[in-house]
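Participant:
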Amino acid sequence: MIKTNKLFTRILCCLCLLTSWTAAANKLDGVRIWAAPESTRVVFDLSSAPDYSQFTLTGPYRLVVDLKQTSTSLKLADIANNSKLVKRVRASQSPEKGTLRLVIDLAKPVAANLFSLPATPPYGNRLVVDLEDKLPPAKSQGQDRRLSQSGSSLRDVIVAIDAGHGGDDPGSIGPSGMYEKKVVMEIADRVAKKINATPGMHAVMTRSGDYFVNLNKRSELARNSKADLLVSIHADAFTSPQPRGASVWVLSMRRANSEIGRWLEQKEKHSELLGGAGEIIQNTDNEQYLAMTLLDMSMDRSMAISHSIAGGVLKNLGSVTQLHKQRPESASFAVLKSPDIPSILVETGFISNPKEEKLLSSYAHQENLAKAIHKGVLRYFENNPPVDSLLASKSDIRHKVSRGESLSAIAKRYQVSVASIKQANNLKTDVVRIGQKLVIPRA
């Protein structure tokens, strides 16, 4: 009995040692560098979860990452790199046996944030290194496009175009291997070009290349550009290949009530995991109740505008492609949650449907989709231009009569004559009623 116990103990010890060795034997399988205008993401693909530490060096600037019990056979000199922050990634001798020391040679001082991510198809375990320029280039005057290109004091309507996914996050993958991030970038570029070619309008892109932008950051970029609208462009997917058709989504304060909507909400969480740890927006204002009231009012206005624009865009999409639903749908997407910027999400079709995947890869179809989106957005802002915009100067203003307003007071407000308002609206008398909509001619 004693011999049996000793044998069992030895076997158990061997198994523990084998398990420990297996868990410790990590392998670096790949290195990917994703460059954004003012930041760079370096991703280390590993066979298992990393045990790591890091430190920085100056003269020259370097970030050193030690991966314990890790080896690699990669040729690090062959890694594709278009970053302005990272010169190269190389291996260096480590003072500790079994540790792989990686050195990221930097072009300038950076702020570094490292975090690991678990396996999420199509990727395995990863160590993510986010590098941000400590001294981003100052914006030139040419980047402020609130003023119209005509040089007048009237501004352009700013539309933020958001190409979904990017970088580490490919989005959905079609039957033939098409990445959603690629096709939506192509469509977004086409929409932006059409907006920029429209007098009185200007487009800004939340991403201009193949890199990931955090979902909350996309709204922040739109806000920093003082955008009047955010249009996020995606390509749908589902668990089966049958569903097809374009759709337009607006924010719902509740969870989506359709199966497709719930699937897309889950896909957004998946996207956030692929791209990196999500940011949490916190309200630290002591006057939180006042702040919440103002936010609610702003959100109500933004959601009303979003619904109106979504309906127009969907109608135009219906003339160039099949629709999945005839009305705008609602779901709780992070990219739509900005309370101060009207936002819509356009699903251009189901990339999981073989026929629609082929359509989405067609330049002609992409052009038609871009035209439809642009037409819907333009029509809304032609009918509802911001009062200080160039578009407003080219169209009549529409005024809804409120309690206590008289025709003379309205005329004085817009600096036009009472007679011109009466003529534009075919009014026989000076009497107006609450809720009446008046066309205010330009002075």
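Mapping of the sequence shown onto this note's numbering: position 70 corresponds to residue 865, and the numbering continues sequentially without gaps.
All C-beta atoms, glycine included, are put in the ideal place defined by N, C-alpha and C.
#1: Going residue by residue through the stretch 1104-1191, where are the continuous alpha helix (DSSP H) segments of at least 4 residues, counting only ones entirely within it?
#2: Given a cut-off of 8 Å, decide if R985 and V1130 are closer than it, judged by their beta-carbon atoms.
#3: Quick check: the Cα distance between A1219 and G995, rounded to an integer number of angstroms?
#4: I need the DSSP call for D1023, collapsed to helix, strand or coil.
#5: Taking the continuous alpha helix (DSSP H) assigned at R1208, which residues delimit it?
#6: Does the distance from the CB of D964 to the CB of F1145 come in under 8 Å?
#7: Can you tell me which of the three DSSP states N991 falls into?
#8: Taking DSSP's pairing of strands, which residues face H997 in a bridge?
#9: Mark N1081 as exposed unless 16 or more other C-beta atoms lie within 10 angstroms of its C-beta, in which case mark it buried.
#10: Tell whether a beta-carbon distance below 8 Å holds between M1000 and A1022.
#11: Straight-line CA distance for P855 to N877?
#12: From the beta carbon of S1066, is the nearest beta carbon of chain C less than 8 Å away?
#13: Can you tell me the Cα-Cα spacing of I990 and L1109, whole angstroms?
#14: Would you identify the three-state DSSP class for D824, choosing helix, strand or coil?
#15: Tell me the DSSP secondary structure of K903 in three-state form.
#16: For the candidate residues K1189, N1148, V1043 and P1181, whose alpha-carbon lies nearest to that of L1118?
#17: Per DSSP, what are the beta-bridge partners of G972 in this structure?
#18: Let's see if you can read the secondary structure: which residues bound the alpha helix (DSSP H) around I1235?
#19: With distances taken from CA atoms, which of V1211, I1205 and Q1210 is nearest R1228?
#20: Leaving out the 5 sequence neighbours to the left and right, which residues in its chain are closer than 7 Å to D824 when beta-carbon positions are compared?
#21: Considering only the alpha carbon of each residue, which of Q1210, E1015 and S967 lies closest to T915?
#22: Pairs of beta-carbons, one from the stretch 919-930 and one from the stretch 891-909, closer than 8 Å: are there three or more?
#23: Touch check for the stretch 1196-1216 and the stretch 1131-1150: three-plus C-beta pairs under 8 Å?
#24: Taking buried to mean at least 16 other C-beta atoms within 10 Å of its own C-beta, is V1226 buried or exposed?
#25: Would you mind working out which of M1094, S1114, P1137 and S1133 sits nearest A1105, comparing C-alpha positions?
#26: Could you check whether K976 and G959 sit closer than 8 Å to each other, using their CB atoms as the reference points?
#27: To which residues of the same chain is M980 closer than 6 Å at the C-beta, ignoring the five residues directly before and after it?
#28: Run through DSSP, which three-state label would D963 get?
#29: Figure out for me which residue from L1154, Q1037 and Y1175 has the closest Cα to the Cα of S1101.
#30: Within 10 angstroms of its Cβ, does S868 collect 16 or more other Cβ (buried), or is it exposed?
#31: G961 and Y918: beta carbons closer than 8 Å?
#32: With a threshold of 16 other CB atoms inside 10 Å of the CB of N821, please say whether the residue is buried or exposed.
Facilitator: Concretely, from the data shown:
#1: 1149-1155, 1158-1178 and 1185-1188
#2: no
#3: 25 Å
#4: coil
#5: L1202 to Y1209
#6: no
#7: helix
#8: I953
#9: Its pLDDT being 44, under 50, N1081 is placed unreliably in this model, and the value from its coordinates should be taken loosely. Classification of N1081: exposed, given that the 10 Å Cβ count is below 16.
#10: no
#11: 20 Å
#12: Absent from the structure is chain C; it holds one protein chain and no more.
#13: 18 Å
#14: strand
#15: coil
#16: V1043
#17: Paired residues: none, contrary to the question.
#18: Counting along the chain, I1235 falls outside any alpha helix (DSSP H), though it belongs to the beta strand (DSSP E) covering K1232 to I1235.
#19: I1205
#20: D840, L841 and S842
#21: S967
#22: yes
#23: no
#24: exposed
#25: P1137
#26: yes
#27: A958
#28: coil
#29: Y1175
#30: exposed
#31: no
#32: buried
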